[in-house]
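Novice: Following this message is one structure expressed as structure tokens.
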Amino acid sequence: MARVYGPIYKLQLGTKLCIVVSSPELVKQVVRDHDTTFSNRNPTIADWRKLRKVFVGQMLSKINLDDGYALRKEEVHKSISHIYHDKIGTQTDVGEFAFSTVINATLRMLWGATLQGTNFGEDYRKLVAEIVYLFAKPNISDYFPVLARFDIQGIERQAKKVQSAIDKILSRAIEEQMKMLASAKMGEYNKNMKGRTFCSSSWRTIIIMKMVQHRLQCNNCRACSWYSNLTFGLFFDIVVGGTDTTATIGEWVLTELMQHPEEMIRVQEELTQIVGLNNLVEEFHFPKLHHLDAVIKETFCLHPPVPLLVPRRSSQPTIIGGYYIPKGSTIFLNAWAIQRVPSVWDDPLEFRPQRFLNPSNSFDYQGNKFQFLPFGYGRRICAGIPLAERMLFYVLASFLHSFDWKLPNDKKLDVSDKFGIVTKKNTPLIAVPTPRLSNLELYA
Ligand code: HEM
């Protein structure tokens, strides 16, 4: 549509005015020049600033992330071992492995528990996919609020059902954490948590957990409705924002590498040289893995997991690109289109990681250039970039270093996508792993 209607156009969906912005220059006006005006979401979460501060400053602070390395390592090693013992030579759903590794590492870091040891991993992935689907599905109630109480398409009812199923699974993970909190004195608690992401000063993190627990146990008090918005937002951002996106881009990176064997060879040679076939990947290797970094960025460019970012809402009337944007409009920033603009990118549809290896033209994930925005920009930029970067690098580098991946003989590689709030592959990537490391004890 951007090609037909230009870099800014409006869509009137019922009573809702939506504006789609698809050029780096106009995105800059929205997220830099008028960042305050466009820093709201829909629905507005009253305390998002406080919540974001706790989230970025405490839960995902460098100290907490460094502390959580042992947990990430354990989860990545478990997956490598699982693939080696159960999947060698067999058709393997790579995305599912990426997802379970990321979700388990994230839950352990945030709540101190995993989904492992239960049968819930796969169900949980389906539930997350369903909630993402329902979240993106056009809902008549949004466009004609007067019809909201009838829930004509039943989206509200379905979402509640899925949410309640997810709540049950999460409550098991949180229960473990809460039991520890309830039974242990604080000193013991700190001892138990040694090496985990909560340091003793992370009281606010614990309060958030209490809020989540409250939300899961009680549905009827006044505090509940306040918590409800806050915790569901937090939950949604972490679980969907944090795990589905990371696993989805991981699957796309592996797909592109299988589609371009010459790039696969480059990445694996780099891993052999930097890590060595007698070792497993460690986080300190990451800064030296330049080619993998370029491959990841090129994949983000072609397959941004959140193609329209997360919609913003204008808090006052503004002019963008010479057009009047009324207060209360919903703004979509079309990263997908911007990352394919031929005037900005040479051969934008070709997979050319080398473009990200040019030191005089470096790109980061903070939106330093408005033509590359997979994590957004400004006040509402993705709050989880440091964790996403570490998890993504770790899972991909480990899977690619520990195994060779081939397509099953009878299969063709499908590179088509399914449009949604998170852009996934149309069909899962199924590949056959074989061991690559020279020291087989590393797979134990
Ligand atoms: C590849 C992985 C990820 C991608 C592509 C991604 C992308 C995004 C995007 C595009 C936004 C909206 C930005 C904007 O409006 O400017 C966002 C918001 C957010 N993301 Fe991520 N994200 C990823 C991973 C994570 C992780 C690992 C976490 C946390 C564990 C996380 C937490 C959040 C939160 C809390 C927000 C809301 C920020 C706010 O509204 O203030 N994300 N993400």
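Residue numbers (my numbering): 97 to 540. Ideal Cβ positions, reconstructed from N, Cα and C, are used throughout, including at glycine.
1) I need the DSSP call for Ala-527, collapsed to helix, strand or coil.
2) Would you mind stating whether Ala-261 and Leu-223 have Cβ atoms separated by less than 8 angstroms?
3) Buried or exposed for Asp-389, please, with buried defined as at least 16 other CB atoms from any protein chain shown within 10 angstroms of its CB.
4) Could you work out which residue in Pro-482, Ile-176 and Thr-519 is closest to Ile-159 when comparing CA atoms only?
5) Helix or strand or just coil, what does DSSP make of Asn-374?
6) Report the option in Ala-527, Ala-540, Leu-536 and Asn-535 whose CA atom is closest to the CA atom of Gly-185.
7) Quick check on the DSSP output: the beta strand (DSSP E) that includes Val-150 runs from which residue to which?
8) Out of curiosity, what's the CA-to-CA distance linking Asp-510 and Thr-351?
9) Would you say Ala-201 and Leu-167 are within 8 angstroms of each other, going by their C-beta atoms?
10) How many Å lie between Gly-213 and Val-150 at the Cα?
11) Measure the alpha-carbon distance for Lys-393 versus Ile-251 and round it to whole angstroms.
12) How many Å lie between Arg-460 and Val-152 at the Cα?
13) Pull the bridge partners of Ile-116 from the DSSP assignment, please.
14) Taking the beta strand (DSSP E) that Phe-499 belongs to, which residues open and close that run?
15) Do His-387 and Pro-470 come within 8 angstroms of each other at the CB atom, strictly closer than that value?
16) Closer than 6 angstroms by C-beta to Tyr-101: which residues in its own chain qualify, once you throw out the five before and the five after it? Chain order, please.
17) I need the straight-line Cα distance from Glu-537 to Asp-263, nearest angstrom please.
18) Which residue wins for smallest C-alpha separation from Ser-558, given the options Phe-134, Val-117, Ser-175 and Leu-122?
19) Using 8 angstroms for Cβ pairs, my map puts Arg-408 next to Asn-136. What's the rounded Cβ distance?
20) Based on the DSSP output, what are the partners of Thr-188 in its beta bridges?
21) Answer yes or no: does any C-beta atom of chain D fall closer than 8 angstroms to that of Cys-114?
22) Any idea which residues DSSP pairs Thr-197 with across the strands?
23) Would you list the residues sitting across from Tyr-420 in a DSSP beta bridge?
24) Contact defined as beta carbons within less than 8 angstroms: I believe Pro-120 pairs with Val-349. What is the distance between those atoms, to the nearest angstrom?
25) Given a threshold of 16 other Cβ atoms within 10 Å of its Cβ, counted over all protein chains shown, does Gln-435 qualify as buried or as exposed?
26) Quick one: Cα of His-130 to Cα of Lys-465, how far?
27) From Arg-300 to Leu-147, what distance separates their C-alpha atoms?
28) So is the beta-carbon of Ala-540 under 7 angstroms away from any non-hydrogen atom of ligand 1?
29) Secondary structure at Lys-514, three-state DSSP: helix, strand or coil?
30) Secondary structure at Arg-245, three-state DSSP: helix, strand or coil?
31) Roughly how many angstroms separate the alpha carbons of Lys-508 and Gln-249, rounded to a whole number?
32) Output the boundary residues of the alpha helix (DSSP H) element that contains Lys-393.
33) Nearest to Asp-513 by alpha carbon, out of Leu-503, Ile-477, Ile-345 and Glu-366?
34) Looking at the structure shown, is Ser-296 part of a helix, part of a strand, or coil, going by DSSP?
35) In or out: Ile-176 buried (at least 16 other Cβ within 10 Å) or exposed?
Specialist: Taking the definition as stated:
1) strand
2) yes
3) buried
4) Pro-482
5) coil
6) Ala-527
7) Element bounds for Val-150: not the beta strand (DSSP E) but the alpha helix (DSSP H), 144-150.
8) 8 angstroms
9) yes
10) Low local confidence applies: a pLDDT of 49 at Gly-213 is under 50, so the model's placement there is unreliable, and no value is given.
11) 35 angstroms
12) For the record, residue 460 in the displayed sequence is Asp; it is not Arg. About 18 angstroms.
13) A small fix is needed here, since residue 116 is Val in this sequence, not Ile. For Val-116, which the question treats as bridged, DSSP gives the partners Tyr-105 and Phe-428.
14) 499-502
15) no
16) none
17) 39 angstroms
18) The question about residue 558 has no answer here: the residues shown for the chain are numbered 97 through 540.
19) 6 angstroms
20) Ala-527
21) Given the protein chain composition of this structure (a single chain), no chain D is represented.
22) In the DSSP output, where bridge partners are listed per residue, Thr-197 has none listed.
23) Ile-415
24) About 24 angstroms; that fails the 8 angstroms criterion.
25) buried
26) 17 angstroms
27) Only weak support exists for where Arg-300 lies, its pLDDT of 41 falling under 50; the value from the coordinates is given anyway. If I take the Cα positions, the gap works out to 10 angstroms.
28) no
29) strand
30) helix
31) 37 angstroms
32) 386-398
33) Ile-345
34) Residue confidence for Ser-296 is low, a pLDDT of 36 falling below 50, so the modelled location carries little weight and cannot support an answer.
35) buried
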